[in-house]
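A.B. asks: Structure incoming, see below.
Residue numbers (the numbering used here): 36 to 516.
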C-alpha cells in the first residue's frame with residue numbers, strides 16, 4: 036500500500052484522504068491540567084521543512100502514549116485529529132494543532148543518531164532580559180549549565196512543590212539563575228544534575244524573566260527544557276565553554292549570578308522613561324528604568340525591617356527567632372535590613388518607591404545596626420538619612436506590585452536596582468556610576484554616624500562619559516577582582 040507524504044502546512048481539516056508526515060520530536064512535555072481540570076500532555080514536532088506543530092494527548096490516551104516518543108528522534112505520523120489553534124498559541128504560520136488518539140498511526144524511524152533539528156530558534160540575550168521582567172511574555176534562552184543547586188521543597192497552602200535553581204552562562208559571560216519547578220525539576224533537573232560536569236547545553240523554552248535576585252528566569256507549566264539538542268554548529272556552546280571554562284569558574288565562585296551590578300548595569304538613555312509614562316507602564320506589570328532626583332518623605336520613620344532569610348519577605352520576629360517562617364513554612368533565621376521609602380522626581384511626575392539593602396546602602400552612611408544605634412542616641416534618624424539622599428540624581432530600575440489598603444487594591448513600587456548619576460561639565464553629559472564591589476567607586480564599609488557625612492567623590496578617570504545625544508551611548512566598564 037502506497038502512502039501520500041505531506042509537509043505539516045499541507046495538512047488541513049479539508050483533506051479527504053489519509054496522510055502521513057515525517058516529523059522530528061522537539062519537545063516532550065509533562066502531564067498537566069487544563070483550566071477545565073482535564074489532564075493532557077503537550078508535545079512539539081517539526082517536519083523536514085522546519086515547520087512546527089503542537090501535538091496534544093488527552094486523559095484517556097495518556098498512558099497509551101506514555102513511552103512512545105523520545106526527544107529529537109523521528110517518526111512517521113498518520114491521521115491525527117486537527118483543531119484550530121488560538122492565534123496566541125500558534126506556532127509559526129500553521130493554524131492548527133494535532134490531537135493524538137489510539138487511532139493515530141505512529142511509526143518510529145530507526146536511526147542511531149538523530150539529525151540536527153530543522154526548525155529555527157530565536158533566543159533573548161541575557162543583557163536584554165530586563166525588558167521583559169515580570170511580564171506575561173514567554174522568552175527562549177540558551178546557555179550552558181555550570182551548576183545545579185540542591186532541590187528545595189516549597190509549601191503553598193496544603194500543597195508541596197519542588198524547585199531547583201540551575202546556573203547557566205552564555206557568550207556574554209553572564210551567569211543567570213534558571214529556576215525549574217515541579218515535573219521539570221524532577222525530570223530535567225535530575226538529568227542535568229547528573230551531567231553538570233560535562234557542561235550540557237540547554238534551551239529554556241517559554242520561560243519568564245523575574246526580578247528575584249535582581250534578574251533570573253523561571254519555568255512555568257508551558258515551559259520546556261531541551262538538554263543537548265542536536266543543532267547546527269552556530270547554536271552550540273560547548274567549544275566556547277571549554278575555552279572559557281577557567282574564567283567562568285571564577286565568576287561562579289564569586290556568585291555573580293546574584294550580583295545586580297553585573298545583571299542590571301546602567302541602561303542606555305533610550306531605555307530610560309519619563310516617570311509620567313513609566314508609572315502607567317509599571318501599573319501594567321512591566322518594570323522600567325527611570326531617572327530623577329531624590330527626597331525623603333517626612334512621614335517615613337521606619338528604616339529597618341526584619342525579613343526571613345529564606346523567602347526574603349518581611350516578618351514579625353525578634354533577632355533570635357529560629358522557627359518556621361509563617362510565610363514560606365521553612366525553618367530559617369531572620370535578617371535585619373535597612374529600608375526606606377524615597378521619592379523620585381524628574382519634572383514629569385513623582386514616584387514613591389521602597390528601597391532596601393543592599394541598594395539603600397549606596398545612598399546612606401548607615402548600616403542596619405548603626406541606624407539602631409543612632410535611634411538609641413535619640414538623634415533624628417530621618418534627618419541623618421534625608422541629608423544623605425536629598426537632591427541626589429539616580430537611575431533606578433523599578434517594579435510595581437499590588438497590595439490591599441483599607442479594602443482597596445493599590446499599586447506600590449519597589450527599587451530593584453539603583454545607579455547614582457553625577458552631573459559633569461554640561462547638562463548634555465552624564466556619568467553613570469555603578470556602585471559595585473568590583474570597582475573602587477564607593478566605600479566598602481558604611482560610614483560611622485560619628486564620622487563626617489561627606490561622601491567620597493568617584494574617580495572620573497575610571498568611568499566613561501555617557502552622551503545623552505542621539506549619537507549613541509557607552510556603558511561604564513567593569514573590572515573583576
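Beta carbons: idealized from backbone N, C-alpha and C, even for Gly.
From residue 230 to residue 44, what does the alpha carbon distance come to, in whole angstroms?
C.D. replies: Locating residue 230 in the chain shown gives position 195, counting from the first residue. Locating residue 44 in the chain shown gives position 9, counting from the first residue. Their Cα atoms are separated by approximately 37 Å.
A.B. asks: Along the chain, where does the alpha helix (DSSP H) that runs through residue 65 open and close?
C.D. replies: Walking along the chain shown from the start, residue 65 turns up at place 30. Here residue 65 belongs to no alpha helix (DSSP H), and DSSP marks it neither H nor E.
A.B. asks: Can at least three beta-carbon pairs, one atom from the region 52-65 and one from the region 99-106, be found at a separation below 8 Å?
C.D. replies: Output reads yes: the region 99-106 touches the region 52-65.
A.B. asks: Using 8 Å as the cut-off, can you tell me whether the region 75-84 makes contact with the region 115-125, which would need three or more C-beta pairs spanning the two stretches below that distance?
C.D. replies: Because the criterion of three Cβ pairs below 8 Å is not met, the region 75-84 and the region 115-125 do not touch.
A.B. asks: Which of the three DSSP states is assigned to residue 492 in this structure?
C.D. replies: To locate residue 492, count along the chain shown from 1; it is residue 457. In this predicted model, residue 492 has a pLDDT of only 36, less than 50, meaning its place in the structure is not dependable; the value taken from the coordinates is given anyway. Residue state, collapsed to three classes: coil.
A.B. asks: Give the straight-line distance between the Cα atoms of residue 193 and residue 218, rounded to the nearest whole angstrom.
C.D. replies: What you label residue 193 is simply residue 158 of the chain shown in a count that begins at 1. What you label residue 218 is simply residue 183 of the chain shown in a count that begins at 1. For residue 193 and residue 218, the distance between alpha carbons rounds to 18 Å.
A.B. asks: Mark residue 137 as exposed unless 16 or more other C-beta atoms lie within 10 angstroms of its C-beta, in which case mark it buried.
C.D. replies: Translated into positions along the chain shown, residue 137 becomes position 102. Flag for residue 137 reads exposed.
A.B. asks: What is the C-beta distance between residue 435 and residue 244, in whole angstroms, given that I count them as a contact (C-beta under 8 Å)?
C.D. replies: Translated into the one-based positions of the chain shown, residue 435 becomes position 400. Translated into the one-based positions of the chain shown, residue 244 becomes position 209. Not really, about 16 Å apart at Cβ, beyond 8 Å.
A.B. asks: Can you name the start and end residues of the alpha helix (DSSP H) that residue 423 belongs to?
C.D. replies: On the chain shown, residue 423 is found 388 positions in, with the first residue counted as 1. Looking at the DSSP string, the run of the alpha helix (DSSP H) that includes residue 423 is 416-424.
A.B. asks: Excluding sequence positions up to five away, which residues of its chain have a Cβ less than 8 Å from the Cβ of residue 330?
C.D. replies: Translated into the one-based positions of the chain shown, residue 330 becomes position 295. Once the five neighbours on either side are set aside, the close Cβ partners of residue 330 are 377, 378, 380, 421, 424, 425 and 426.
A.B. asks: Could you check what DSSP says for residue 121 in three-state terms: helix, strand or coil?
C.D. replies: Here residue 121 corresponds to residue number 86 of the chain shown, with the count starting at 1. Correct three-state label for residue 121: coil.
A.B. asks: Which value, in whole angstroms, describes the spacing of the CA atoms of residue 448 and residue 300?
C.D. replies: On the chain shown, position 413 is the one that residue 448 refers to. On the chain shown, position 265 is the one that residue 300 refers to. Their Cα atoms are separated by approximately 20 Å.
A.B. asks: Got a sec, what are the start and stop residues for the beta strand (DSSP E) residue 175 sits in?
C.D. replies: By 1-based counting over the chain shown, the position of residue 175 is 140. Here the beta strand (DSSP E) through residue 175 covers 174-183.
A.B. asks: Helix, strand or coil, according to DSSP, for residue 214 in the structure here?
C.D. replies: On the chain shown, residue 214 is found 179 positions in, with the first residue counted as 1. Reduced to three states, the DSSP call for residue 214 is strand.
A.B. asks: Leaving out five residues before and five after residue 385 in sequence, what residues of the same chain have Cβ atoms less than 6 Å from its Cβ?
C.D. replies: As a first step, residue 385 must be located in the chain shown, where it is residue number 350. Around residue 385: 378.
A.B. asks: Tell me where the alpha helix (DSSP H) around residue 228 begins and ends.
C.D. replies: Your numbering for residue 228 matches position 193 in the chain shown. Start and end: 225-230.
A.B. asks: When DSSP labels each residue in this structure, what does residue 193 get in the three-state scheme?
C.D. replies: By one-based count along the chain shown, residue 193 stands at place 158. In this structure, residue 193 counts as coil in the three-state DSSP scheme.
A.B. asks: For residue 180, I'd like the list of residues in its chain whose CB is within less than 6 Å of its CB, leaving aside the five on either flank, ordered along the chain.
C.D. replies: Counting from one through the chain shown, the residue named residue 180 turns up at place 145. The residues are 201, 203, 227, 231, 235 and 237.
A.B. asks: In or out: residue 382 buried (at least 16 other Cβ within 10 Å) or exposed?
C.D. replies: Within the chain shown, the letter at position 347 stands for residue 382. Classification for residue 382: exposed.
A.B. asks: Just to check my reading of the structure: residue 433 and residue 388 have Cβ atoms closer than 8 Å, yes? What is that Cβ distance to the nearest angstrom?
C.D. replies: Counting from one through the chain shown, the residue named residue 433 turns up at place 398. Counting from one through the chain shown, the residue named residue 388 turns up at place 353. Residue 433 to residue 388, Cβ: 5 Å. Contact.
A.B. asks: Please confirm whether residue 149 and residue 123 have their CB atoms less than 8 Å apart.
C.D. replies: In the chain shown, counting from the first residue as 1, residue 149 sits at position 114. In the chain shown, counting from the first residue as 1, residue 123 sits at position 88. The answer is no: Cβ separation not under 8 Å.
A.B. asks: Of all the options 451, 223, 55 and 155, which has the alpha carbon lying nearest to the alpha carbon of residue 321?
C.D. replies: Walking along the chain shown from the start, residue 321 turns up at place 286. Among 451, 223, 55 and 155, the Cα nearest to that of residue 321 is on 451.
A.B. asks: Quick one: grab the DSSP three-state call for residue 46.
C.D. replies: Against the chain shown, residue 46 aligns to sequence position 11. In this structure, residue 46 counts as coil in the three-state DSSP scheme.
A.B. asks: Which class does residue 304 belong to by DSSP, given the choice of helix, strand or coil?
C.D. replies: Residue 304 sits at position 269 when you count from the first residue of the chain shown. It is helical.
A.B. asks: Per DSSP, what are the beta-bridge partners of residue 198 in this structure?
C.D. replies: Translated into the one-based positions of the chain shown, residue 198 becomes position 163. 187 and 216.
A.B. asks: If you draw a straight line from the alpha carbon of residue 255 to that of residue 408, how long is it in whole angstroms?
C.D. replies: Along the chain shown, read from residue 1 onward, the residue named residue 255 stands at position 220. Along the chain shown, read from residue 1 onward, the residue named residue 408 stands at position 373. Going from the Cα of residue 255 to the Cα of residue 408 covers about 45 Å.
A.B. asks: Just to confirm, are residue 120 and residue 93 a CB contact at a threshold of 8 Å?
C.D. replies: For the purposes of this step, residue 120 is identified with residue 85 of the chain shown, where counting begins at 1. For the purposes of this step, residue 93 is identified with residue 58 of the chain shown, where counting begins at 1. The answer is no: Cβ separation not under 8 Å.
A.B. asks: Is it buried or exposed, residue 461, if we count other Cβ atoms within 10 angstroms and call 16 or more buried?
C.D. replies: As a first step, residue 461 is located in the chain shown; it is residue number 426 there, counting from the start. Only weak support exists for where residue 461 lies, its pLDDT of 38 falling under 50; the value from the coordinates is given anyway. So residue 461 ends up on the exposed side.
A.B. asks: Which residues bound the alpha helix (DSSP H) around residue 276?
C.D. replies: Mapped onto the chain shown, residue 276 falls at position 241. Note, residue 276: alpha helix (DSSP H), 273-278.
A.B. asks: State the Cα-Cα distance for the pair residue 198 and residue 177, rounded to the nearest angstrom.
C.D. replies: Numbered from its first residue, the chain shown carries residue 198 at position 163. Numbered from its first residue, the chain shown carries residue 177 at position 142. The alpha-carbon atoms of residue 198 and residue 177 are separated by roughly 20 Å.
A.B. asks: Taking the alpha carbon of residue 275 as the point to measure from, which residue in 71, 296, 307 and 208 has its own alpha carbon closest?
C.D. replies: Here residue 275 refers to the residue found at position 240 of the chain shown. Ranking the options by Cα distance to residue 275, first place goes to 208.
A.B. asks: Out of 273, 272, 288 and 416, which has the shortest C-alpha to C-alpha gap to residue 332?
C.D. replies: Along the chain shown, read from residue 1 onward, the residue named residue 332 stands at position 297. Answer by Cα proximity: 416.
A.B. asks: Spatial neighbours of residue 262 within its chain, please: CB distance less than 7 Å, with the 5 preceding and 5 following residues excluded, ordered by chain position.
C.D. replies: Against the chain shown, residue 262 aligns to sequence position 227. Excluding residues within five positions, the ones whose Cβ falls inside 7 Å are 223, 226, 227, 235 and 237.
A.B. asks: Under the three-state reduction of DSSP, which class applies to residue 295: helix, strand or coil?
C.D. replies: Position 260 of the chain shown, counting from 1, holds the residue named residue 295. Here residue 295 sits in helix by DSSP.
A.B. asks: Going straight from the alpha carbon of residue 297 to that of residue 167, what length do you get?
C.D. replies: Start at 1 with the first residue of the chain shown, and residue 297 comes out as number 262. Start at 1 with the first residue of the chain shown, and residue 167 comes out as number 132. If I take the Cα positions, the gap works out to 17 Å.
A.B. asks: Straight-line CA distance for residue 233 to residue 404?
C.D. replies: Taking the chain shown and counting its residues from 1, one reaches residue 233 at position 198. Taking the chain shown and counting its residues from 1, one reaches residue 404 at position 369. Those two C-alpha atoms are separated by around 45 Å.
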